[in-house]
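Asker: Position 155, counted from 1, in the sequence shown is what numbering that gives the first Met the number 0 calls 154; the numbers after and before it change by one each time, with no gaps.
A virtual CB, placed ideally from N, CA and C, is assigned to each residue, including glycine.
Just so we're clear, the structure is a prediction, and the values are computed from it rather than from any experiment.
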Amino acid sequence: MAEAKVEAAAAAAEERVRVWAAAQVASGRRVVLVTSGGTQVPLETRAVRFLENFSSGRRGAVSAEHLVNVGYGVCFLHRARSVFPWARVLPPPGPALLDAFRLTPGPPPGVAADPAALPALLPALRAYREAADAGALLSLEFTDLNEYLALLRATARALAPFGTSRAGIGGRGVGGNLRLQGGGGIHSVGPLC
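#1: Around the Cβ of L139, are there at least 16 other Cβ atoms within 10 angstroms (buried) or fewer (exposed)?
#2: By Cβ distance below 8 Å, which residues in the same chain neighbour T103 in space, the five residues on each side in sequence not counted?
#3: Under 8 Å between the Cβ atoms of A99 and D113?
#4: Since V73 and V24 are thought to touch, with beta carbons under 8 Å apart, how far apart are those beta carbons, to the nearest angstrom?
#5: From T142, A1, L150 and W85, pick the residue whose C-alpha is nearest to that of T44; which is it?
#6: Just to confirm, are A12 and A153 a CB contact at a threshold of 8 Å?
#7: Taking Cβ positions, are V18 and A149 nearer each other than 8 Å?
#8: Would a C-beta distance cut-off of 8 Å place T38 and D143 closer than the cut-off?
#9: Let's see if you can read the secondary structure: which residues bound the alpha helix (DSSP H) around V61?
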């Protein structure tokens, strides 16, 4: 039963990606798929224990931000609760996150950012809103390996009509340059951090 649910979600995602990618190409953007975060594999049929391939997803989030900033449409296939583009500047869940916000008197009551948090929050929120409003970022979320593989296959099928390319992070990992290959050879889109 779980497999049927995963395949149905992948089929829906494939159509979302196909429609989104066509809109990106029509608007003059090149499209890239960024995968980010680790996977989980159940060790038993009735999953109680899991094997985790842990990754915070920071490198993928930074890559997605950078690619959007230089004009790409980014399909961001990421692990649930991993680092998300532009949200990486938020304090981690817990007291630090709650302290970044203040209640404002009402009626109705509201929420505002603590002035001390604004220097980090404003640029990130502005960049995220611009990307989201322009449709330049499409987010697909997975948890386990089966979901990841099904979504990766679906995304690859949806993006196949738009051409092929190769990408990699050169040099020193996160501190290196992101290089894309396709169309006219290899070109660097700049440093990641």
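Answerer: From the atom records:
#1: buried
#2: G109, V110 and A111
#3: yes
#4: 14 Å between Cβ atoms; not a contact.
#5: A1
#6: In this structure, the beta-carbon distance from A12 to A153 falls below 8 Å.
#7: no
#8: Taking 8 Å as the Cβ cut-off, T38 and D143 qualify as a contacting pair.
#9: Residues R57 to N68.
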